[in-house]
Amino acid sequence: MSLRLEEILNLGARIGIQAKFDHVERAQIENIISSLDFVEDKKLSLLVTALFAERQAERLRRGHNTARLINDAMTKLFTSGLEKEHARQLLGIAKWVYEAAERRRLNLRVEDIPKLTLKEVLEHLRGR
Numbered sequence: 005m006s007l008r009l010e011e012i013l014n015l016g017a018r019i020g021i022q023a024k025f026d027h028v029e030r031a032q033i034e035n036i037i038s039s040l041d042f043v044e045d046k047k048l049s050l051l052v053t054a055l056f057a058e059r060q061a062e063r064l065r066r067g068h069n070t071a072r073l074i075n076d077a078m079t080k081l082f083t084s085g086l087e088k089e090h091a092r093q094l095l096g097i098a099k100w101v102y103e104a105a106e107r108r109r110l111n112l113r114v115e116d117i118p119k120l121t122l123k124e125v126l127e128h129l130r131g132r
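Numbering-wise (the working numbering), the sequence shown opens with residue 5 and increments by one.
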C-alpha cells in the first residue's frame with residue numbers, strides 16, 4: 005500500500021478537525037509532533053507517536069477520537085514504508101487545520117470527518 009501526498013494531507017485535515025471537535029489543546033498537538041523524535045529510528049518513530057497519542061488521550065481523558073485517527077494515520081504511513089518526515093508533514097497539516105478552525109463555527113458534523121478532504125476543509129474555512 006502506498007500513500008500519495010494528497011492522502012497524507014487529507015489524513016492531516018481529518019485529524020485537525022477531529023481535534024477541534026474533541027477540544028484537544030494546541031499544546032497536545034505540538035507534544036504529539038515532538039514525540040516523533042522520541043526514538044531515532046525514522047520508521048519506528050511512527051508507531052511510538054501513535055502510542056503517545058493514545059497515552060495522552062487516556063491520561064487527559066479527552067481526545068480519544070483524535071488519538072484513534074493519529075494511530076490509524078501513523079500505522080498507514082508505517083505500512084506504506086514512509087518515515088517521520090511524512091508524519092511531520094501530516095501532523096503539521098493537522099496543527100494548521102486545527103489552528104485555522106479552532107475559534108470558527110464550521111458547518112461540519114462529526115460524521116463528516118472520515119471522508120473529509122483538505123480541499124473541503126478549505127471550502128468550510130471560506131464559509132462555503
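Note that beta-carbon positions come from the ideal geometry of N, C-alpha and C, so glycine has one too.
What first and last residue would you give for the alpha helix (DSSP H) that runs through residue i?
{"i": "SER49", "result": "48-64"}
{"i": "HIS90", "result": "88-105"}
Quick one: Cα of residue i to Cα of residue j, how far?
{"i": "ILE33", "j": "LYS99", "result": "6 Å"}
{"i": "ARG72", "j": "ALA54", "result": "8 Å"}
{"i": "PHE82", "j": "ARG108", "result": "33 Å"}
{"i": "PHE56", "j": "THR121", "result": "25 Å"}
{"i": "VAL52", "j": "ARG130", "result": "35 Å"}
{"i": "LEU40", "j": "SER84", "result": "17 Å"}
{"i": "GLU58", "j": "HIS68", "result": "7 Å"}
{"i": "ARG66", "j": "LEU94", "result": "21 Å"}
{"i": "LYS24", "j": "ALA105", "result": "7 Å"}
Would DSSP call residue i helix, strand or coil?
{"i": "GLU44", "result": "coil"}
{"i": "ASP116", "result": "helix"}
{"i": "GLU7", "result": "The question names Glu, yet the displayed sequence has Leu at residue 7. LEU7: coil per DSSP, three-state reduction."}
{"i": "THR79", "result": "helix"}
{"i": "GLU29", "result": "coil"}
{"i": "THR70", "result": "helix"}
{"i": "LEU129", "result": "helix"}
{"i": "ARG15", "result": "The question names Arg, yet the displayed sequence has Leu at residue 15. In this structure, LEU15 counts as helix in the three-state DSSP scheme."}
{"i": "GLY139", "result": "Lying outside 5 to 132, the shown extent of the chain, residue 139 is not represented and no answer is given."}
{"i": "ASN111", "result": "coil"}
Measure the CB-CB distance between residue i and residue j and report whether it falls below 8 Å.
{"i": "ILE117", "j": "ILE21", "result": "yes"}
{"i": "THR70", "j": "VAL43", "result": "no"}
{"i": "LYS88", "j": "LYS119", "result": "no"}
{"i": "ILE36", "j": "ILE97", "result": "no"}
{"i": "ALA91", "j": "ILE19", "result": "no"}
{"i": "LEU7", "j": "LYS123", "result": "no"}
{"i": "ALA17", "j": "VAL114", "result": "no"}
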